[in-house]
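Colleague:
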Amino acid sequence: MNRRPLLSRVAESVYWMGRYIERAENVARFVDVNLHLMLGGSEVDLSEQWRPIIDTTGDSAAFEKRYGDPTRENVIEFLTFDPENPNSILSCLRAARENARTVRDTISSEMWEQANKLYLMIMDEGARNRAAHSAHDLFAAIKLGSHLFQGITDSTMSHNEAWNFIRLGRMLERGDKTSRIIDVKYFLLLPKVEDVGTSIDDVQWSAVLRSVSAFEMYRKRFGRIQPDRIAEFLLLDGEFPRSVRHCLVESGIALHAITGTPLGGFSNPAEQHLGQLRAELNYASVADIIAGGLHEFLDGLQTKLNLIDECVFSTFFAMRPLSDAASA
Amino acid sequence: MLFDSYTTDGFYDEMFTDAGVPRDSAKLLVDTITSMSQQELLLRQASAERLLLHMGITFNVYGDSGGTERIFPFDLIPRIVPPQEWVQLEKGLKQRIYALNLFIDDVYHDQKILKDGVIPREVIDSAKSLRPQCIGLNPPHGVWCHVTGTDLVRGGDGVLYVLEDNLRVPSGVSYVLENRNVMKSTFPKLFEGMAVRSVDEYPSRLLEMLESLAPMSNSNPRVVVLTPGIYNSAYFEHSFLAQQMGVPLVEGRDLVVSGGYVLMRTTRGFERVDVIYRRIDDDFMDPKAFRPDSLLGVPGLLEVYKSGRVALANAPGNGVADDKVIYAYVPDMIKYYLREDAIIPNVPTYLCWRDTDRQHVLANLDKLVVKAANESGGYGMLVGPHASAADREDFARRIEANPRNYIAQPTLSLSRVPTIVDGHAEGRHVDLRPYILYGKEIFVLPGGLTRVALRKGSLVVNSSQGGGSKDTWVLAAAGGRA
């Protein structure tokens, strides 16, 4: 087969482009759903509602050092516009655009334009004002912009090796973010056994589902709001496109399309570790997971996702030794 | 209306012979524009600018630490080149490139033109852009200047002159293509009834030319575009051309020399490269052969090139003919190699290393344009009539310290084209850069980059110094659209 070779540097750039756009979307989701939550839950300490979001992104130390106590304003600033926070929406969209710019010859013009427009939108002078007065509108636009990018990617770019790297980056990122949401919320909500069954519990858990656009699909699948069912749905559901298992299945398809290795086996460490994790989730039951400690399970999951990312790097992106060149 | 108060102010105007009197080739266009409301025109101008921003058609400004990007300003009113004028230009450009190429090949081989005394040997020996590494080299087809972007200007006498040859790494052709796209999508009405020649074939022609350079052994050659990276001011163009040709855009760090070949690092290991369209200057291309401190290049590249196992476009060393002192001898080259007179004349040029010329230049600094022999992009230049006394003194000192490095030319009153300024049309000075490809044969793209000096009265069209651009319409001869 005469496949067009893909530069390692380009593969890495498109992979990160996929990850960063997905990351920006997920941060927008966290913030947006919290804004909604606060409109309904006035009985609890509102400031406490912002801390879990910072925890979800894994940047709480950096936040406290620079901002102190979380408030609506400073959390939105930190997560949306702060250029010094490498995981703010602005930083993600900037990184996505910079990556897209280095591979403009590889992706379609339409994709580049969409990445560029998203960045220009968050950089626009009016964006901060929009966040203050119609925040939902801004975050909805970011989510939509990310979906648009994904749609444009799928419908204007050949489904070639580079496209599979974009998909791989996107799906690994999404799986990681979904697992973090479950982790933080479970950690916060489940220990308070006395809350179970109260109205706050329902509101909070619905918010978890909404933050990953899962509320309606969950209802269709399980009906009543139940924490263990929610964990099952977000972790193990085979059909919901943001569940961790689904993300891993999609990642696997992308990875194996890149190498040409059949899905049942592996030809490099990335495929091996991803395959093991996929199998683990394919045959897991939520009861076992909760019995063994959900937090511990999710912690392990994130470690394994990091390992897969490292293996993708060393297999495809890292500079090979020149001694390999002789066999070219 | 847009042209109501438009005057030519005594300059040669590309659109009007006099106030209110359009040239024959521009009549239809002027009618169409006149039939539109000012508001409509301004809306279209704004939508063209938005389109360029969204497309990210920007250039990087040097000296700005943030790597700031700017849109290359674009003006909606096209510049028209009548068919009969284009025929002459095309002939003249082919003639010039053909002779220049023979000259470069001669310089790196027998140096007949020096032996016959047509060009003084010391001019060549003192040319900074001469590359001794290239002596005796035989590039494919004997071609050294594969892509050229010749700068033309029209003087007050209505004559088009060659101002610079730009043989090394000319840029701007992406704007020619994108300007046309923007015009078509924001202003389709303007094209009605006009037989504007297409520029779309450029990427295919470029690819065809590059593939023709491949080492003989390879029937399915791998072509790449080599860029210094995203911080280069022409990065957009590098990625655009790679994308339009469907070939990889590589940086120096993607390439490696091994076993006598150039290889690129891919996700599956190393793959061989046959032709490199390099957009990196000679100096930075290969730290082993040229500047050792270059981080952009590929160590060992020149050796592979010399062995014929990779082709480079443009050929290293061709900048010797870009030297502005050597430029002055191009009409003599044409006579020497082709026994013809130059079809497109040079701008009269004073060479400061000649005593009589230098005295004249120093005495007339307030009237002349002085240029460093080896700079481009509008740098190292003095526009005498617009310069301060201090700047002129500074240049006088520089000329006396290094006369070989300076030339001077009369300040041309460049022709003008109506340009939208604050909602109405005003004349602004322009130049014209057509693009020429040379592989097995010479191809001149029917179009070009019209750069416009947006500041009132300014003669400097470079994008780094307040220039913008216009779409350039070469019209097909009567009898059909080309």
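As you go down the protein sequences, you meet chains A and B in turn. Here the first sequence stands for residues 1 to 328, numbered as in this note's numbering. Here the second sequence stands for residues 329 to 810, numbered as in this note's numbering. Quick reminder that beta carbons are idealized off the backbone N, C-alpha and C, glycines included. Please read all numbers here as calculations on a predicted model, not as lab measurements.
Give the residues from the stretch 154–173 of chain A that approach chain B closer than 9 Å (Cβ to any Cβ), ordered along the chain.
Modeller: Within the stretch 154–173 of chain A, the qualifying residues are Glu-161 and Phe-165.
Colleague: Just confirm the distance between the C-beta atoms of Val-758 of chain B and Arg-407 of chain B, as a whole number of angstroms; I'd bet it's less than 8 Å.
Modeller: Confirmed, about 6 Å.
Colleague: Can you tell me whether Arg-581 of chain B sits near the ligand MN, meaning its C-beta is under 8 Å from at least one heavy atom of the ligand?
Modeller: With respect to small molecules bound, the structure shown includes none, and the ligand MN cannot be examined in it.
Colleague: Report the residue from B:Val-711, B:Ala-781, B:Val-648 and B:Ala-715 whose alpha carbon sits nearest the alpha carbon of Cys-473 of chain B.
Modeller: Of the candidates B:Val-711, B:Ala-781, B:Val-648 and B:Ala-715, the one whose C-alpha sits nearest the C-alpha of Cys-473 of chain B is B:Val-648.
Colleague: Using the Cα positions of Ala-306 of chain A and Leu-591 of chain B, report the straight-line distance between them to the nearest angstrom.
Modeller: The sequence given here has Asn at residue 306 of chain A, not Ala. Asn-306 of chain A and Leu-591 of chain B: Cα-Cα distance of roughly 31 Å.
Colleague: For Ala-99 of chain A, collect the residues of the same chain with a Cβ closer than 8 Å to its Cβ; drop the 5 residues on either side in sequence, then sort them by chain order.
Modeller: Just to set this straight, residue 99 of chain A is Asn in the shown sequence, not Ala. Result list for Asn-99 of chain A: Ser-13, Val-14, Trp-16, Met-17 and Tyr-20, in chain order.
Colleague: Give me the chain A residues within the contact set of His-382 of chain B, using Cβ-Cβ distance strictly less than 8 Å, ordered along the chain.
Modeller: Chain A residues near His-382 of chain B: Glu-113, Asn-116, Lys-117 and Leu-120.
Colleague: Would you report the Cα separation of Ile-107 of chain A and Trp-163 of chain A, rounded to the nearest angstrom?
Modeller: Taking the straight line from one Cα to the other gives about 8 Å.
Colleague: Just to check my reading of the structure: Ser-716 of chain B and Phe-339 of chain B have Cβ atoms closer than 8 Å, yes? What is that Cβ distance to the nearest angstrom?
Modeller: Between Phe-339 of chain B and Ser-716 of chain B the Cβ distance is about 24 Å, and since that is not below 8 Å, they are no contact.
Colleague: Using the three-state DSSP reduction, which class does Tyr-530 of chain B fall into: helix, strand or coil?
Modeller: Helix, per DSSP.
Colleague: Do the CB positions of Leu-480 of chain B and Leu-679 of chain B come within less than 9 Å of each other?
Modeller: No; because the gap between Cβ atoms is not below 9 Å, this pair is not in contact.
Colleague: By the DSSP assignment, the alpha helix (DSSP H) with Leu-488 of chain B in it spans what residues?
Modeller: Note, Leu-488 of chain B: premise wrong, no alpha helix (DSSP H); beta strand (DSSP E) at 488–492.
Colleague: Counting C-beta neighbours from all protein chains within 10 Å, is the total for Lys-65 of chain A 16 or more, i.e. buried, or is it exposed?
Modeller: So Lys-65 of chain A ends up on the exposed side.
Colleague: Ends of the alpha helix (DSSP H) at Ile-53 of chain A?
Modeller: Element bounds for Ile-53 of chain A: 51–57.
Colleague: How would you list, in chain order, the residues of chain A whose beta-carbon sits under 8 Å from the beta-carbon of Met-592 of chain B?
Modeller: Simply Pro-5 and Leu-7.
Colleague: Once you ignore the five residues that flank Glu-25 of chain A on each side, which residues in its own chain have a CB closer than 6 Å to its CB?
Modeller: Cβ within range, chain order: Lys-143 and Ser-146.
Colleague: Kindly identify the DSSP beta-bridge partner or partners of Trp-801 of chain B.
Modeller: For Trp-801 of chain B, which the question treats as bridged, DSSP gives the partners B:Ile-408.
Colleague: Determine the extent of the beta strand (DSSP E) in which Lys-479 of chain B is found, giving its start and end residues.
Modeller: Rather than Lys, the amino acid found at residue 479 of chain B in this sequence is Asp. 479–482 is the extent of the beta strand (DSSP E) around Asp-479 of chain B.
Colleague: Flag this pair as yes or no: are the beta carbons of Gln-461 of chain B and Ala-562 of chain B separated by less than 9 Å?
Modeller: Against a cut-off of 9 Å, the Cβ pair of Ala-562 of chain B and Gln-461 of chain B comes out as no contact.
Colleague: What does DSSP give as the partner residue(s) for Gln-737 of chain B in the beta ladder?
Modeller: B:Val-697, per the DSSP bridge assignment.
Colleague: Which same chain residues end up closer than 6 Å to Asp-651 of chain B when comparing Cβ atoms and leaving out the 5 residues on each side of it in sequence?
Modeller: Result list for Asp-651 of chain B: Ala-455, Ser-457 and Ala-701, in chain order.
Colleague: Hey, would you say Phe-233 of chain A sits closer than 9 Å to Leu-209 of chain A, going by beta carbons?
Modeller: Yes.
Colleague: Spell out the partners DSSP gives Val-552 of chain B in its beta bridges.
Modeller: In the DSSP output, where bridge partners are listed per residue, Val-552 of chain B has B:Ile-604.
Colleague: Distance, Cα to Cα, Leu-627 of chain B vs Arg-596 of chain B?
Modeller: Sequence inspection shows Pro at residue 627 of chain B; the Leu mentioned does not correspond to that position. Each residue's Cα considered, the two are about 22 Å apart.
Colleague: Output yes or no for whether 9 Å exceeds the beta carbon distance between Gln-571 of chain B and Arg-94 of chain A.
Modeller: Taking 9 Å as the Cβ cut-off, Gln-571 of chain B and Arg-94 of chain A do not qualify as a contacting pair.
Colleague: Closest to Ile-152 of chain A by C-alpha separation, out of A:Glu-84, A:Phe-63, A:Glu-110 and A:Pro-5, would be which residue?
Modeller: Selected option, being the one with the closest Cα: A:Glu-110.
Colleague: Check distances from the C-beta atoms of the stretch 83–106 of chain A to those of chain B and list, in chain order, the residues that come in under 7 Å.
Modeller: Within the stretch 83–106 of chain A, the qualifying residues are Arg-101, Thr-102, Arg-104 and Asp-105.
Colleague: My output table needs one value for Asp-392 of chain B: the three-state DSSP class, helix, strand or coil.
Modeller: Because Asp-392 of chain B carries a pLDDT of 48, less than 50, the predicted location of this residue cannot be relied on, and the following value inherits that uncertainty. Note: Asp-392 of chain B maps to coil in three-state DSSP.
Colleague: For Ser-11 of chain A, go through chain B and note every residue whose CB falls closer than 9 Å to its CB, in chain order.
Modeller: Looking at the sequence shown, residue 11 of chain A is not Ser but Ala. The contacting residues are Thr-594 and Thr-595.
Colleague: Please tell me whether Pro-531 of chain B has its Cβ less than 9 Å away from any Cβ of chain A.
Modeller: Chain A, which has no Cβ nearer than 9 Å to the Cβ of Pro-531 of chain B, makes this no.
Colleague: Nearest by alpha-carbon distance to Ile-463 of chain B: which of B:Ala-643, B:Val-409 and B:Ser-547 is it?
Modeller: Comparing Cα positions, the closest option is B:Ala-643.
Colleague: Counting Cβ pairs closer than 8 Å, one from the stretch 353–373 of chain B and one from the stretch 436–453 of chain B, do we hit at least three?
Modeller: The answer is no - the stretch 436–453 of chain B does not touch the stretch 353–373 of chain B, with fewer than three Cβ pairs under 8 Å.
Colleague: Assign Asn-34 of chain A to one of two classes, buried (16 or more other C-beta atoms within 10 Å of its C-beta) or exposed (fewer than that).
Modeller: When all chains shown are included, Asn-34 of chain A counts as buried.
Colleague: On the CB-based measure, 16 or more other CB atoms within 10 Å of its CB, does Met-383 of chain B come out buried or exposed?
Modeller: Looking at its Cβ environment, which holds 16 or more other Cβ atoms inside 10 Å, Met-383 of chain B is buried.
Colleague: Along the stretch 117–150 of chain A, what residues have a CB closer than 9 Å to any CB found in chain B?
Modeller: Result list: Lys-117 and Leu-120.
Colleague: So which residues of chain B does Phe-316 of chain A contact, with C-beta pairs closer than 7 Å?
Modeller: The contacting residues are Thr-595.
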